[in-house]
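Trainee: Chains as they are written, first to last, in this note's numbering: chain A, 81 to 165; chain B, 36 to 564. The beta carbon of each residue, even a glycine, is placed where N, CA and C say it ideally should be. Note that the structure is predicted; figures quoted are calculated from it, not measured.
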Amino acid sequence: EERVYTNEFLVQLQDSGEAAAKEVAAERGFTGVRKVPFGEGLYQFTHSGIPKTRQRRSIHHKRHLEKDPRVIHVSQQEAFERRKR
Amino acid sequence: GYRRISDIDVDMNDPLFSKQWYLINTGQADGTPGLDLNVAEAWELGYTGKGVTIAIMDDGIDYLHPDLAENYNAEASYDFSSNDPYPYPRYTDDWFNSHGTRCAGEVSAAANDNVCGVGVAYSSKVAGIRMLDQPFMTDIIEASSISHMPQTIDIYSASWGPTDDGKTVDGPRELTLQAMADGVNKGRNGKGSIYVWASGDGGSYDDCNCDGYASSMWTISINSAINDGRTALYDESCSSTLASTFSNGRKRNPEAGVATTDLYGNCTLRHSGTSAAAPEAAGVFALSLEANPNLTWRDMQHLSVLTSKRNQLHDEVHRWRRNGVGLEFNHLFGYGVLDAGAMVKLAKDWKTVPERFHCIAGSIQEPQTITSEDKLVLTITTDACEGKANFARYLEHVQAVITVNSTRRGDLNLNMTSPTGTKSILLSRRPRDDDSKVGFDKWPFMTTHTWGEDPRGTWTLEVGFTGGTAQKGVLKEWTLMLHGTQSAPYIDQIVRDYQSKLAMSKKEELEEELDEAVERSLKSLLKEN
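1. Measure the beta-carbon distance from R491/B to P454/B and round it to whole angstroms, keeping in mind my assumption that it falls under 8 angstroms.
2. Tell me which residue opens and which closes the alpha helix (DSSP H) that R265/B is part of.
3. Answer with yes or no whether the minimum CB distance from R165/A to chain B is below 7 angstroms.
4. Unbroken alpha helix (DSSP H) runs of length 4 or more, entirely within the region 36-116 of chain B: which are they?
5. Does R162/A come within less than 7 angstroms of chain B when only Cβ atoms are used?
6. With 7 angstroms set as the bound, which would you pick, yes or no: does the beta-carbon of T86/A sit closer than that to a beta-carbon of chain B?
7. Compare the C-beta of G580/B with all C-beta atoms of chain A and state if any pair is closer than 7 angstroms.
8. For E512/B, I'd like the list of residues in its chain whose CB is within less than 6 angstroms of its CB, leaving aside the five on either flank, ordered along the chain.
9. Expressed to the nearest angstrom, what Euclidean distance is found between the alpha-carbon atoms of D489/B and L430/B?
10. For I437/B, which of helix, strand or coil comes out of DSSP?
11. Listed from N- to C-terminal order along the chain, which residues in the region 83-112 of chain A have their beta-carbon within a distance smaller than 8 angstroms of any beta-carbon of chain B?
12. Given a limit of 9 angstroms on CB to CB distance, which residues of the region 123-146 of chain A reach chain B?
13. For the alpha helix (DSSP H) containing P314/B, name the first residue and the last one.
14. Quick check: the region 388-404 of chain B against the region 459-473 of chain B, are there 3 or more CB pairs under 8 angstroms?
15. Using 10 angstroms around the beta-carbon of D263/B, count the other beta-carbons present and answer buried if the total reaches 16, otherwise exposed.
16. Where does M335/B sit, in a helix, a strand or coil, going by DSSP?
17. Please list, in chain order, the chain B residues whose beta carbon lies closer than 8 angstroms to that of E158/A.
18. Mapping DSSP to helix, strand and coil, what is R555/B?
19. For L488/B, name the three-state secondary structure that DSSP assigns.
20. Who are the near neighbours of H337/B in its chain, counting only those whose CB is closer than 6 angstroms to its CB and skipping five residues on each side?
21. Going by DSSP, which residues form a beta bridge with Q156/A?
22. In angstroms with no decimal places, state the Cα-to-Cα distance between T295/B and I190/B.
23. What residue ranges within the region 165-192 of chain B form continuous alpha helix (DSSP H) runs of no fewer than 4 residues, ordered along the chain?
24. Do we get a CB-CB distance below 7 angstroms when we pair H484/B with the residues of chain A?
25. Going along chain B, which residues have a C-beta under 7 angstroms from G121/A?
26. Residues of chain B with CB under 7 angstroms from P117/A, in chain order?
27. Using the Cα positions of F368/B and D71/B, report the straight-line distance between them to the nearest angstrom.
28. What is the DSSP secondary structure of E547/B, counted as helix, strand or coil?
29. Note down, in chain order, every chain A residue with its Cβ under 9 angstroms from the Cβ of P197/B.
30. Would you kindly check if the distance between the Cβ of V155/B and the Cβ of G315/B is under 7 angstroms?
31. Consider the Cβ of A111/B: report whether some Cβ of chain A lies at a distance smaller than 7 angstroms.
32. Leaving out the 5 sequence neighbours to the left and right, which residues in its chain are closer than 7 angstroms to T514/B when beta-carbon positions are compared?
33. Beta-carbon of L167/B versus every beta-carbon of chain A: anything under 7 angstroms?
34. Can you tell me whether DSSP reads H134/B as helix, strand or coil?
35. Round the Cβ separation of G157/B and A144/B to the nearest angstrom and send it over; I've been treating them as touching at under 8 angstroms.
36. Measuring straight from C-alpha to C-alpha, what distance separates P289/B and S133/B?
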């Protein structure tokens, strides 16, 4: 099946504080920041300049984040289907 | 051992109560009297779900509904796709987002309020985690929902999954897997979150072992029967199903459907599909948690195995069989229909099961050719890591981690037989699955059928093709993973009913422990001489 990518990124930061997350996001051009309710330093960054869904990955935005020394790991979120039973 | 219907003097003024045959089956709509969740016995003992919170992970709950408002837990409700702390179901002309409200009613609809029906755990609290009404799902939304407030939410009920089209193989992604692992290890202050999953709507074209959520060891996968004990037409079957509850599924008679709450203060008699199975089970587990709040996620699975009943469940395709320690199971219904009365009584005195161990029993990594002419038969002989710290002597779950490709995935058939002769169907034919590229890549086929058995000995895996045309394939890996306890889990349990499965299992354990003790002492005597 064709993979579909979203404008959301899972980002793991060195400093798990919310302020640090907002700072990194703002500097790297990401608008939305939300903490993932478990794990250490896991955040969801949203980029309003990328389409909500498309079949092409945003390698540029991912690398832009990965270059930041405060960032441990980045993965762009895929969109998939779940059905009610 | 069944009680007479007339013995049950549960009287509620809720208008739909008499139609909730899954609570008390008196033969409504040509049903089979006595074929229900036996909640009356649990209620009579005083267990109605007090102090327990169940989260319905779905499309939201109508928290203004008069039958739900009182039990709604607003603080534990949320929507992670739109950051909404008040996740009310979004309106559509066809009321498509009624799913969560219907499931909520089956668990926590208030009793004796003259509205709709009664929840299985009518004093429990229900939270709505809205996650199914956005255009697509992501790993973050799923993981965030599954790990929401794990110290407040006890049970997560899910009546959704990958598409049940008979050709999908999918499951939780990386972050969601991590969230589930976090939940069972740290949730409920270390006792473990209880995840309940409706096994699927794909009917005979599908196999719920291809659904990574339902076939996970960390979820209790629940199938459904209809009111006369037959299978629902949409029921899928697989070896990872643990037990069953009820849903509609075969009859046109509207009263054979599941009665529950509906959107905008309404009620319905027609909650259809296997989705009702999970909330009903969540309600039964809530009653058990009230009886014993210290139950762990594994205790809940042990209680399900030991107290579920064959009752009058009938599967035309798969026979009921007994495993190596005498536990009766069926490939579709698992260990049978949940029995709330028996479960709360056993839960009350239950001592938490011993520590769990994991043993990689063996692995075959050389590519093996599979043809249509004859079956590929492989064996792994194991001592289940005996003598090592992770010896797994009394089985809980068993996984066959398999990598296989073939010219038509849907025609593949996998069966695994344990040392004591228990045969599990790990994968049935899926006629619609024409995949010839992806196959299965380290897919963990799970079986609950060998529960309680001694895994030492030879395990056999049979791989073949079923279907009209000749096919070819290559099996690249089979790794056998054993999960269970080192010490006998039932030997210290209090037996009150000497006809129960617990009594039988405990007797079996005592005999085996005695045999092994005698054997050990003989060996040491011989050594000395």
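Mentor: According to the structure data:
1. Confirmed, about 6 angstroms.
2. Going by DSSP, R265/B is part of no alpha helix (DSSP H) at all; its letter is neither H nor E.
3. Interface residue, yes.
4. For the alpha helix (DSSP H) assignment, the uninterrupted runs of no fewer than 4 residues enclosed by the region 36-116 of chain B are, from N- to C-terminal side, 74-79.
5. So, interface residue.
6. By this cut-off, T86/A is an interface position.
7. Not covered by the structure: residue 580/B. The range shown for chain B is 36 to 564.
8. Q400, T438, listed in sequence order.
9. A straight-line Cα-Cα distance of about 7 angstroms links D489/B and L430/B.
10. The answer is strand: DSSP assigns I437/B an E or B state.
11. Taking 8 angstroms as the Cβ-Cβ cut-off against chain B, the residues of the region 83-112 of chain A that qualify are V84, T86, E88, L90.
12. Cβ contacts with chain B: Q124, K132, T133.
13. 312-326 is the extent of the alpha helix (DSSP H) around P314/B.
14. Output reads no: the region 459-473 of chain B does not touch the region 388-404 of chain B.
15. Result: buried.
16. Shown here, M335/B sits in a helix according to DSSP, grouped into three states.
17. When 8 angstroms is used as the limit between beta carbons, E158/A is near these residues of chain B: T173, D174, R208, in chain order.
18. Of the three classes helix, strand and coil, the one that applies to R555/B here is helix, per DSSP.
19. The displayed chain sequence assigns Glu, not Leu, to residue 488/B. In this structure, E488/B counts as coil in the three-state DSSP scheme.
20. The beta carbon of H337/B lies closer than 6 angstroms to those of V388 in the same chain, with the five residues before and after it left out.
21. Secondary-structure assignment with DSSP links Q156/A through a beta bridge to F89/A.
22. Their backbone Cα atoms lie some 20 angstroms apart in a straight line.
23. Entirely contained in the region 165-192 of chain B, the alpha helix (DSSP H) runs reaching 4 residues are, in chain order, 174-181.
24. False, the Cβ-Cβ gap to chain A never drops below 7 angstroms.
25. The CB of G121/A never comes closer than 7 angstroms to any CB in chain B; the least such distance is about 13 angstroms.
26. Result: S179, S182, H183.
27. Going by C-alpha positions, F368/B is about 14 angstroms away from D71/B.
28. Reduced to three states, the DSSP call for E547/B is helix.
29. At a C-beta separation below 9 angstroms, P197/B has these neighbours in chain A: F160, E161, R162, R163.
30. Rather than Gly, the amino acid found at residue 315/B in this sequence is Glu. Contact flag set, yes.
31. Not one chain A Cβ lies under 7 angstroms of A111/B.
32. Only residues of its own chain outside the window of five on either side were considered, and among them I395, S398, V436 have a CB closer than 7 angstroms to the CB of T514/B, listed in chain order.
33. Interface residue (Cβ-Cβ distance to chain A less than 7 angstroms): L167/B is classified as such.
34. H134/B falls in the helix class under three-state DSSP.
35. Residue 157/B is actually Tyr in this sequence, not Gly. Contact holds; Cβ gap of about 6 angstroms.
36. Going from the Cα of P289/B to the Cα of S133/B covers about 18 angstroms.
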